[in-house]
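Structure first, then comments.
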Amino acid sequence: MAVNAQAKPAEFKFESETHDFGKIALNKPVTFDFKYTNVGEEPLIISKAEASCGCTVPKYTTTPIKKGESGVISVTFNAAAGPSPFSKAVTISSNAKTPIKVLYIKGETVAATSK
Numbered sequence: 034m035a036v037n038a039q040a041k042p043a044e045f046k047f048e049s050e051t052h053d054f055g056k057i058a059l060n061k062p063v064t065f066d067f068k069y070t071n072v073g074e075e076p077l078i079i080s081k082a083e084a085s086c087g088c089t090v091p092k093y094t095t096t097p098i099k100k101g102e103s104g105v106i107s108v109t110f111n112a113a114a115g116p117s118p119f120s121k122a123v124t125i126s127s128n129a130k131t132p133i134k135v136l137y138i139k140g141e142t143v144a145a146t147s148k
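In terms of the numbering used here, the sequence shown has 47 at position 14, counting the first letter as 1, and numbering is strictly consecutive.
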């Protein structure tokens, strides 16, 4: 007789959890796509994505991600102050085994060059 095994909960597997934009110009938005796969058995559902400041805007796949399928969390950063180094966090809330996941972007803002 088979024993009822509980399904493995949803779980993120990111290609990368940190992105370095390098040097970027002020007031020129830049975007990076954090790609992930659900390596759990249950569908993965993101309930919220929050940035550490208003200069960073996350957008994410809102439909459930089934086992083995992939999704994207796009993070856009627009620096209005600088020049200076920056480091920002995006906190992801989901139904995954690890329900809170933090992604990071960093770089350095530089004054826009005039041509």
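Glycine included, each C-beta is placed from N, C-alpha and C at the ideal position.
Check                                                                                      : Outcome
Local conformation of E141 per DSSP, three classes                                         : strand
Of the residues E102, G73 and E83, the one placed nearest A40, counting alpha carbons only : G73
C-beta atoms of A89 and S117 nearer than 8 Å                                               : Note on residue identity: the sequence assigns Thr, not Ala, to residue 89. It is not a contact, given that the beta carbons lie outside the stated cut-off.
6 Å Cβ shell around K130 - same chain, five flanking residues per side excluded            : P42 and E44
Sheet register partners of S120 (DSSP bridge)                                              : K139
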